[in-house]
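**Q**
Protein chains: 2
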Amino acid sequence: MLFSTKAEYGVRLMVELGRQPGSTPISLSTVADAERLPLSYLEHLVAKLRKAGLVTSTRGAHGGYRLAMPPEEITLDVVVEALEGQVAPMECFHRMPDGRVLCSHEGDDGACATKLLWTRVQGGVTKALAGTTLAELVEFSGGGEKAVKGGEKIASAA
Amino acid sequence: MLFSTKAEYGVRLMVELGRQPGSTPISLSTVADAERLPLSYLEHLVAKLRKAGLVTSTRGAHGGYRLAMPPEEITLDVVVEALEGQVAPMECFHRMPDGRVLCSHEGDDGACATKLLWTRVQGGVTKALAGTTLAELVEFSGGGEKAVKGGEKIASAA
DNA sequence: CCAAAACCGACTGGTTCAGTAGGATTTGAG
DNA sequence: CTCAAATCCTACTGAACCAGTCGGTTTTGG
């Protein structure tokens, strides 16, 4: 498995926040209820997102979380990296601040045999993640409103 | 980290086998020595490769392993899958026998919010892996010969 | 004041990782 | 025939990570 449920739950959380149009914050328990995810686990995940500057929080009664930016400006590579840590195909692979890729065990002779492969893999993953915006996911999963099939609907913010 | 050292070591092992042109089998201890990897761990990995039909073995004295096919015909998706198990971005993602992708928790309403994302990621990874042959890695890592440890350059890589 | 909410850290059972250990079996060579 | 080299097989282990749970503190609106 490439990613753990941290990425899965965290992205679902972000999508849920991205649905809400206004600036009213949404409580975690609302999200947990809507997505059927454990609240106390979501707390850990949203903390990572907040530290990464992707969501903002307001404390106290009627508090909650909002996206820190419009969903069109949020690409999923940033989200996943915030949740899972730096995404690299292999332990020996590190992205330098200037963007270059380093393999820790390429010695005096040119290249280790696997570098070409992992470079391609990382390129594929990065392209897929960075080429997807949160707005796309919101759109894909049913637009601005939660699905209303079956008569059940979320309590409208009033 | 997307993959563990099983993929790393296993691919290095395959490349080492791919270097040898003839049909003489190479012992695991030779590979372990050349790549500086623990022999007893390599035994586990090569067992997976053998069960996947990627290498053949001959037992007894002067035995060892050979590639089951010419390296041009071996794509890395098969190798990595043999080592790591089915490569999917997420637990809920399963590739059906007919090639379709299923997300286990898409319920009555259309799609779960993350499916679009993971589909793209899996596409990127699969494309990178399936688009790379073992022959390419052998070529990239210094052709048929082992690297000369004297500051020699890999000028012939194309 | 009170309840709702964000925040924080500690803890836990389960699984995987990265090997190690100890053997059993097969085979070529002397 | 015997020995050494090799594949093959099962079991075990310490460490790390996963997926939560729990209890408690702080902030805030009504």
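Quick note, the sequences are listed as chains A and B, same order. If you're matching positions, the first sequence starts at 1 in my numbering and goes up one per residue. If you're matching positions, the second sequence starts at 1001 in my numbering and goes up one per residue. Where a beta carbon is used, it is the ideal one built from N, C-alpha and C, also for glycine. Bear in mind that the values here come from a model prediction, so they are computed numbers and not experimental data.
Under a Cβ-count criterion, where at least 16 other Cβ atoms within 10 Å of its own Cβ denotes burial, should L102/A be classed as buried or exposed?
**A** Mapped onto the first sequence, residue 102/A falls at position 102. L102/A comes out exposed.
**Q** On a Cα-Cα basis, can you pick out the residue from A47/A, T132/A, S104/A, S29/A that is closest to L1117/B?
**A** To locate residue 1117/B, count along the second sequence from 1; it is residue 117. Closest by alpha carbon: T132/A.
**Q** Quick one: is P25/A buried, meaning 16 or more other Cβ sit within 10 Å of its Cβ, or exposed?
**A** Within the first sequence, numbered from 1, the residue matching residue 25/A stands at position 25. With 16 or more other Cβ atoms within 10 Å, it is buried.
**Q** Tell me where the beta strand (DSSP E) around R159/A begins and ends.
**A** There is no way to answer for residue 159/A, as the model of chain A reaches only from 1 to 158.
**Q** Tell me which same chain residues have a C-beta within less than 8 Å of the C-beta of D108/A, skipping the five on either side of it?
**A** Here the question's residue 108/A lines up with position 108 in the first sequence. Since pLDDT at D108/A reaches only 47, below the 50 mark, its modelled position is unreliable, and the value read off the structure follows with that caveat. Result list for D108/A: empty, nothing under 8 Å.
**Q** Distance cutoff 8 Å, beta carbons only. Does F1003/B sit that close to anything in chain A?
**A** As a working mapping, residue 1003/B is identified with position 3 in the second sequence. Yes, F1003/B lies at the interface with chain A (some Cβ there is under 8 Å from its Cβ).
**Q** Could one say the Cβ of P1089/B lies closer than 8 Å to chain A's Cβ atoms, at least one of them?
**A** Residue 1089/B sits at position 89 when you count from the first residue of the second sequence. So yes, P1089/B belongs to the interface.
**Q** Within 8 Å of any Cβ in chain A, is that where the Cβ of S1141/B sits?
**A** Counted from its first residue, the second sequence places residue 1141/B at position 141. Yes, S1141/B lies at the interface with chain A (some Cβ there is under 8 Å from its Cβ).
**Q** Quick check: what's the CA-CA separation for K1006/B versus L54/A?
**A** Here residue 1006/B corresponds to residue number 6 of the second sequence, with the count starting at 1. Here residue 54/A corresponds to residue number 54 of the first sequence, with the count starting at 1. So the alpha carbons of these two residues sit roughly 34 Å apart.
**Q** Among R66/A, V87/A, L39/A, which one has its Cα closest to the Cα of S1004/B?
**A** Translated into the one-based positions of the second sequence, residue 1004/B becomes position 4. When each option's Cα is compared against that of S1004/B, the closest is V87/A.
**Q** Give the secondary structure of R95/A by DSSP, where H, G and I count as helix, E and B as strand, and everything else as coil.
**A** As a first step, residue 95/A must be located in the first sequence, where it is residue number 95. Reduced to three states, the DSSP call for R95/A is strand.
**Q** Answer with buried or exposed for G22/A, where buried requires no fewer than 16 other C-beta atoms within 10 angstroms of its C-beta.
**A** In the first sequence, counting from the first residue as 1, residue 22/A sits at position 22. When all chains shown are included, G22/A counts as exposed.
**Q** Please confirm whether K127/A has its beta-carbon closer than 8 Å to some beta-carbon of chain B.
**A** What you label residue 127/A is simply residue 127 of the first sequence in a count that begins at 1. Yes, K127/A lies at the interface with chain B (some Cβ there is under 8 Å from its Cβ).
**Q** Could you have a look at D1108/B and say whether DSSP puts it in helix, strand or coil?
**A** Within the second sequence, numbered from 1, the residue matching residue 1108/B stands at position 108. For D1108/B, the predicted structure reports a pLDDT of 47, less than 50, and the residue's modelled location is therefore unreliable. The matter cannot be settled from this model.
**Q** So with Cβ pairs under 8 Å, would you call E1072/B a contact of chain A?
**A** Residue 1072/B sits at position 72 when you count from the first residue of the second sequence. Not one chain A Cβ lies under 8 Å of E1072/B.
**Q** For R1100/B, which residues in chain A fall below 7 Å Cβ to Cβ?
**A** Taking the second sequence and counting its residues from 1, the one referred to as residue 1100/B is at position 100. Near R1100/B there are no residues of chain A at all, since even the closest Cβ is about 18 Å away, more than 7 Å.
**Q** Would you mind sorting E91/A into buried or exposed? The rule is 16 or more other CB atoms within 10 Å of its CB.
**A** Against the first sequence, residue 91/A aligns to sequence position 91. Classification of E91/A: exposed, given that the 10 Å Cβ count is below 16.
**Q** Which residues of chain A have a Cβ atom closer than 7 Å to the Cβ of E1081/B, listed in chain order?
**A** Here residue 1081/B is taken as the residue at index 81 of the second sequence, counted from 1. The contacting residues do not exist; E1081/B stays about 13 Å from chain A at best.
**Q** Which residues in the same chain as A130/A place their Cβ atom closer than 7 Å to its Cβ, once the five residues preceding and following it in sequence are excluded?
**A** Walking along the first sequence from the start, residue 130/A turns up at place 130. Taken in chain order, the residues that qualify are T75, D77.
**Q** Is there a Cβ from chain B that is less than 8 Å from the Cβ of T114/A?
**A** Taking the first residue of the first sequence as position 1, residue 114/A is located at position 114. Yes, contact with chain B.
**Q** Given that T1132/B touches chain A, what residues does it touch there, using C-beta distances under 8 Å?
**A** Within the second sequence, residue 1132/B is the residue found at index 132, counting from 1. The contacting residues are L116, L117, R120.
**Q** Quick one, which residues of the stretch 1007-1019 of chain B are near chain A if we go by CB-CB under 7 Å, in chain order?
**A** Flagged, chain order: E1008, V1011, R1012, V1015.
**Q** Per DSSP, what are the beta-bridge partners of T56/A in this structure?
**A** To locate residue 56/A, count along the first sequence from 1; it is residue 56. T56/A is bridged to R66/A.
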